[in-house]
Structure formats: C-alpha cells, structure tokens
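Here the structure comes first, spelled out in structure tokens, and everything after it is commentary.
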Amino acid sequence: MKIVFDGRFCDSGYAQDNAAMPGRMEAAVSGLEAWTHLAPVAATHEQLSLVHDPVYVQQIAQDPPRFSMACLAAGGAILAAQQSYGGEPTFACVRPPGHHASRSEAWGHCTFNNIAVALFVLRAEKRIENAFVIDIDAHTGDGTRKLLASWPQTEVFNPFAASAKEYLELVEAHLVALPPTDIIAVSAGFDAYLHDVGHKLATADFERLGTLIRRASERLCRGRRFAVLEGGYYLKDLGVNIRAFCKGFAG
Ligand SMILES: [Zn+2]
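Sequential numbering from 1 applies to the sequence shown in the numbering used here.
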C-alpha cells in the first residue's frame, strides 16, 4: 500500500471553497504516516486532453494557482493508477476533487476529473481495456458517469441507501455480482460520514468499505485497486476515517 501526497496540496490559496479549506489536507494525511508516501508530478496537457476539451484546459490555465493544483491532483491519480496496475494498492490524497468534472465544465469544488484522467491514461498506455469505479462520496459522481458513459464494459457505481447497514449490504451485493474487470478505482469521498453532510457512515464503516473493495479486486483483477480523495469536510475526524478506509483497503 502506498500513499500519493505532496506538501503542496496543503496550500489553500488556489480556490475559495470547502475542498480548499485551510487545514483540510493536513487533517486528511494525519493518519497515513504508517505507509510510504510518493510525490506526484503534474498531469500534462496531453493527459488532461484524453478526457477534457483542450479549450477547457486552456481556460483553467488562465488561473495559474488553480491550474497547478488541479494538474498536481490529476497527476496524483495517474500515479496511484500506475502503482496499482503494477501491483501496489494506492490511495491518492489530493485536491481539488474531481468527480463533478466533465468534458468542458466542473462544479462542486472540482476542476479536472482525476479518476477519469487516470483511467484514460492507463487505457492509452494499453494497460487496461475496462474498469469499475465505485464512488463512495455522499454526492453522485455525475462528471465521472458522463466521461465513462461510452467506455464499453465500464461502470460507475454510486451506492445510495437510507442507513449505513443498508449501504454496506448494497455495496457487498453489488461487488459480489460484479463481472471481471481490469482495475477497480474508488472515488473516495468521506462526506457520507455521520458528522459530515451525508450523516450516515461511521468510521468502522469506511474500514468495511475498504475491505469489501479490496476483496473484490483480489477476486476480479489481481488486486489492482486505487482510490482518490473526493469530498470530506468534517476535519476533526477526516484523518481517522481515511486511515480506517486505507486499513481495510490495504489488507
Ligand atoms: Zn461530496
């Protein structure tokens, strides 16, 4: 298990939104010292253009602080995907998040779709032909859905349920029935937490999710799995929740 992180993600000046809030990345990474950290390199225009309209990429480039941070986040997801393809499960602790970004627009604190960029890079490198994405953020990964909609045998799964118990049952049932895939990617949001906007999952539930996803990847795709941070705004417990997820995910 590896962690992709860079101290530059702690710079909160790139935007004025909840994902950019000061102290958020310090909190996110606070429980992850036990694992080896890798520093990402920024995604290139060419890599971003596998997913995004080059005009949109140019438009974001007009805002250098936001552009550099978003390129570094997408580069972090790419590194995590490449590590996981090579047999090392990896969590990319990055911002801005990406799952609300589609080809030419983004909302909800997102800029580039980090997960989609990473998967399209692996496909361009001819390493994968399909993928399964599970989005455990409290919000639907509408951007990821749009971007992967025309990719054959590739699914974006957003579980929704009334209670934590039903949520975990739904995820387990879905994963058990999943057909073989080349890689499993997780849009790992932590805002479904009890004290965050989703008001549902406890810390132990995040560990259980990590475990269920790890087992599915071991069964279906030789353990190839990576996760990329999306939302999560209750800073007091963000670190313990991410650590709990990673504990289950790492195995
Ligand atoms: Zn969210």
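C-beta: ideal position from N, C-alpha, C; glycine also.
Pocket of ligand 1 defined by Cβ to heavy atom distance under 5 Å:
Counting only heavy atoms of ligand 1, the residues whose C-beta sits closer than 5 Å to one of them are, along the chain, Asp137, Ala138, His139, Gly189, Asp191 and Gly231.
Rounding to the nearest angstrom, what Cα-Cα distance links Pro64 and Thr111 in this structure?
Using only the alpha carbons, I get a separation of about 13 Å.
Is it right to say Pro54 is buried, meaning 16 or more other beta carbons lie within 10 angstroms of its own, or is it exposed?
That one is exposed.
Less than 8 Å between the CB atoms is what I'm expecting for Ala70 and Pro96, so what's the real figure, rounded?
Going by Cβ atoms, the distance from Ala70 to Pro96 rounds to 6 Å, so yes, they are a contact pair.
Using a Cβ-Cβ cutoff of less than 8 Å, which residues in the same chain neighbour Gly143 once the five nearest sequence positions on both sides are dropped?
Same-chain partners within the cutoff: Gly98, His99, His100, Ala101, Ser102, Ala106, Cys110, Asn113 and Ala116.
Ser187 versus Ala15 - alpha carbon distance:
Answer to the nearest angstrom: the Cα atoms are 21 Å apart.
What residues are listed by DSSP as bridge partners for Arg225?
For Arg225, DSSP records a beta bridge to Ile184.
Do you know how far the Cα of Leu79 is from the Cα of Ala34?
If you take the alpha carbons of Ala34 and Leu79, they lie about 19 Å apart.
Which whole-angstrom value is the C-beta distance of Tyr85 and Arg224, which I expect to be below 8 Å?
Correct: roughly 6 Å between the Cβ atoms.
Thinking Ile183 and Leu229 are a contact (beta carbons under 8 Å), I'd like their distance in whole angstroms, please.
Ile183 to Leu229, Cβ: 18 Å. No contact.
So, at 7 Å on beta carbons, what are the nonlocal neighbours of Asn158 in its own chain, with the 5 sequence-adjacent residues on each side left out?
Close CB contacts of Asn158 within its chain, under the 7 Å cut and outside five residues either way in sequence, are with Asp135, Thr140 and Gly141 (chain order).
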